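**Student:**
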Amino acid sequence: MNGTLAQDAPVGTVVGAGRFAPSPTGDLHLGNLRTAILAWLWARASGRRFLVRIEDIDRVRSGSADRQLADLATIGLDWDGEVLIQTTRHEAHMAALDRLMADGHVFECYCSRKDIREAASAPHIPPGHYPGTCRDLSEEQRHIHRERLAALGRSPALRLRAPATTWTVHDELHGAFTGTVDHFVVRRSDGVPAYNLAVVLDDAFQGVDQVVRGDDLLSQAPAQAALAYALGLKQPTYVHVPLAVNADGARLAKRDGAVTIKDLSALGWSVGDIIHWIGTSVGVRSARSIADLREALDLEALRAMDQSPWVVRAPSGSVS
Ligand code: GLU
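Under the numbering used here, the first residue of the sequence shown carries the number 89, and numbering increases by one thereafter.
#1: Check whether the Cβ of Ser-111 lies closer than 7 Å to any heavy atom of ligand 1, and answer yes or no.
#2: How far does the alpha helix (DSSP H) with Asp-259 in it extend, from its first residue to its last?
#3: Where Trp-398 and Leu-248 are concerned, what is the direct C-alpha to C-alpha distance, given to the nearest angstrom?
#4: Just checking my contact of His-328 with Asp-303 at CB under 8 Å: how many whole Å lie between their CB atoms?
#5: On the three-pair Cβ rule with 8 Å, is the stretch 133-146 touching the stretch 342-361?
#6: As a quick exercise: from Pro-310, Ala-335, Lys-322, pick the residue whose alpha carbon is nearest that of Pro-251.
#7: Can you tell me the Cβ-Cβ gap for Asp-290 and Gln-174, rounded? I've got them flagged as a contact below 8 Å.
#8: Under the assumption that Val-257 contacts Ala-313 (Cβ atoms under 8 Å), give the Cβ distance between them as a whole number of angstroms.
#9: Given that a residue counts as buried once 16 or more other Cβ atoms are within 10 Å of its Cβ, and exposed if not, what is Pro-236?
#10: Just mark Ala-94 as buried or exposed, buried being the case when its beta carbon has 16 or more other beta carbons within 10 Å.
#11: Within 10 angstroms of the Cβ of Val-194, are there 16 or more other Cβ atoms? Answer buried if so, exposed if not.
#12: Exposed or buried, Ala-133, counting other C-beta atoms within 10 Å across all chains shown (16 or more means buried)?
#13: Which same chain residues, not among the five before or five after Leu-340, have their C-beta less than 7 Å away from its C-beta?
#14: Measuring straight from C-alpha to C-alpha, what distance separates Thr-92 and Val-140?
#15: Can you tell me which residues form a DSSP beta bridge with Leu-321?
#16: Who are Gly-68's beta bridge partners in DSSP?
#17: Taking buried to mean at least 16 other C-beta atoms within 10 Å of its own C-beta, is Arg-301 buried or exposed?
#18: Express the C-alpha separation of Pro-324 and Asn-90 in angstroms, rounding to a whole number.
#19: Under 8 Å: do the stretch 358-375 and the stretch 152-164 share three or more Cβ pairs, one atom per stretch?
#20: Is DSSP giving Gly-220 helix, strand or coil here?
#21: Can you tell me whether Thr-253 is buried or exposed, with buried defined as 16 or more other CB within 10 angstroms of its CB?
#22: Using 8 Å for Cβ pairs, my map puts Ser-277 next to Ala-245. What's the rounded Cβ distance?
#23: So what does DSSP say about Ala-338, is it helix, strand or coil?
#24: Check for me: the alpha helix (DSSP H) holding Gln-395 runs from which residue to which?
#25: Give the straight-line distance between the Cα atoms of His-262 and His-233, rounded to the nearest whole angstrom.
#26: For Glu-388, which of helix, strand or coil comes out of DSSP?
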């Protein structure tokens, strides 16, 4: 099971990469650590490189990225090459937006949230989707809207001209997954590239061909893959893994008790104890280290993993 090349890649081909891409919004909790470990296991078991990217283009909590990286190192995860900080890619993101614009894959959107809410209540629009208001405006209409926004000190957002209404991705755990593709925002009205654009560009830039992440993002995958297509990029294989939840079935959060390495260490837990707990949740009863998990789980075992959420009953006594 300890092969060094991707199982589906003949010897001599370029080996792809998996990745873990946390947003630096706080300390990693047990659910995040479990996703990171699974991403590492999937990459290593399929002979891929494993990369880490800090996705800091939206909300950032100061010091959080460094603590997240320290926690990944503490549990024994190793990664290949430098950590990529997403905001350092700003120019590449902007250049890609220019390309999308030149190729007619995006359109300017002048709508406010209220405009969208009102227009989107039309019966033929899927819930939450963009109603298409600005998609087919004439150049003259665009000009009028631009002037109107400029007078308000605002600029237009850019939306993807969706290449199809639905898109199918391949997920190792969910099989062929088809979802709707909206005309979603690729550049926000404040000029900042949208997360959905950055993630697609950065995965391609880093050579990521295996995206392992929480299954809350499964519904985003078809839209991201459609955008990759519009950008002429290869679509990755996906592995959307179950999230950790609390005893009530709600997504695990800091208030659920001691859920971070720092909290658990303060209660006397060792790293081995934490790995053992996470290991049990993926069906391995005897692991005390990442190497033990690697030994116990090959690709076949990873594919057969239980797909229900991990119910965490955290010890009380969070110290943070
Ligand atoms: N940065 C995202 C998060 O922390 C993950 C995005 C991804 O893995 O594609 O939720």
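Virtual Cβ for every residue (Gly too), placed ideally from N, Cα, C.
Because the structure is a prediction, the values reported are computed rather than measured.
**Tutor:** Concretely, from the data shown:
#1: The count along the sequence shown starts at 1 and reaches residue 111 at position 23. Correct: Ser-111 has its Cβ closer than 7 Å to ligand 1.
#2: Position 171 of the sequence shown, counted from the first residue, corresponds to residue 259. From DSSP, Asp-259 is part of no alpha helix (DSSP H) but of the beta strand (DSSP E) over 254-259.
#3: Translated into positions along the sequence shown, residue 398 becomes position 310. Translated into positions along the sequence shown, residue 248 becomes position 160. Trp-398 and Leu-248: Cα-Cα distance of roughly 35 Å.
#4: As a first step, residue 328 is located in the sequence shown; it is residue number 240 there, counting from the start. As a first step, residue 303 is located in the sequence shown; it is residue number 215 there, counting from the start. Yes, they are in contact, since the Cβ atoms of His-328 and Asp-303 sit about 4 Å apart, within 8 Å.
#5: no
#6: Translated into the one-based positions of the sequence shown, residue 251 becomes position 163. Minimum Cα distance to Pro-251 is reached at Pro-310.
#7: For the purposes of this step, residue 290 is taken as residue 202 along the sequence shown, with counting starting at 1. For the purposes of this step, residue 174 is taken as residue 86 along the sequence shown, with counting starting at 1. Yes, Asp-290 and Gln-174 are in contact; Cβ-Cβ is about 6 Å, under 8 Å.
#8: By 1-based counting over the sequence shown, the position of residue 257 is 169. By 1-based counting over the sequence shown, the position of residue 313 is 225. Sure, about 5 Å apart at Cβ, within 8 Å.
#9: As a first step, residue 236 must be located in the sequence shown, where it is residue number 148. According to the sequence provided, residue 236 is Arg. The question's Pro does not apply to it. Answer is exposed; the Cβ neighbour count stays below 16.
#10: As a position in the sequence shown, residue 94 is number 6, starting the count at 1. Note on Ala-94: pLDDT 45, under 50, position unreliable in the model; the coordinate value appears next. So Ala-94 ends up on the buried side.
#11: Within the sequence shown, numbered from 1, the residue matching residue 194 stands at position 106. Under this definition Val-194 is a buried residue.
#12: Reading the sequence shown from its first residue, position 45 is the one you call residue 133. By the neighbour-count rule (16 or more Cβ atoms within 10 Å), Ala-133 is buried.
#13: Position 252 of the sequence shown, counted from the start, is the residue given in the question as residue 340. Counting only Cβ-Cβ distances below 7 Å, and skipping sequence neighbours, we find His-117, Leu-118, Gly-119, Ala-332, Val-333, Asn-334, Val-347, Val-400.
#14: Here residue 92 refers to the residue found at position 4 of the sequence shown. Here residue 140 refers to the residue found at position 52 of the sequence shown. The pLDDT assigned to Thr-92 is 39, lower than 50, so where the model puts this residue is not dependable, and the model offers no usable value.
#15: The residue you call residue 321 lines up with position 233 of the sequence shown. The partner list for Leu-321 (beta bridge, DSSP) is empty, contrary to what the question assumes.
#16: Beyond the ends of the chain as shown, which are 89 and 408, falls residue 68; an answer cannot be given.
#17: Here residue 301 refers to the residue found at position 213 of the sequence shown. The residue in question, Arg-301, is buried, as its Cβ has 16 or more Cβ neighbours within 10 Å.
#18: Within the sequence shown, the letter at position 2 stands for residue 90. Within the sequence shown, the letter at position 236 stands for residue 324. At Asn-90 the pLDDT is 36, less than 50, meaning the model places this residue with poor confidence and gives no usable figure here.
#19: yes
#20: Here the question's residue 220 lines up with position 132 in the sequence shown. Correct three-state label for Gly-220: coil.
#21: By one-based count along the sequence shown, residue 253 stands at place 165. So Thr-253 ends up on the exposed side.
#22: Counting from one through the sequence shown, the residue named residue 277 turns up at place 189. Counting from one through the sequence shown, the residue named residue 245 turns up at place 157. With 8 Å as the limit, Ser-277 and Ala-245 qualify as a contact, their Cβ atoms being about 4 Å apart.
#23: The sequence position of residue 338 within the sequence shown is 250, counting from 1. Looking at Ala-338 - three-state DSSP - the assignment turns out to be coil, as it is neither helix nor strand.
#24: Start at 1 with the first residue of the sequence shown, and residue 395 comes out as number 307. Gln-395 -> no alpha helix (DSSP H), and no H or E assigned at all.
#25: As a position in the sequence shown, residue 262 is number 174, starting the count at 1. As a position in the sequence shown, residue 233 is number 145, starting the count at 1. Rounded to the nearest angstrom, the two C-alpha atoms are 43 Å apart.
#26: Residue numbering aside, residue 388 sits at position 300 when the sequence shown is read from its first letter. In this structure, Glu-388 counts as helix in the three-state DSSP scheme.
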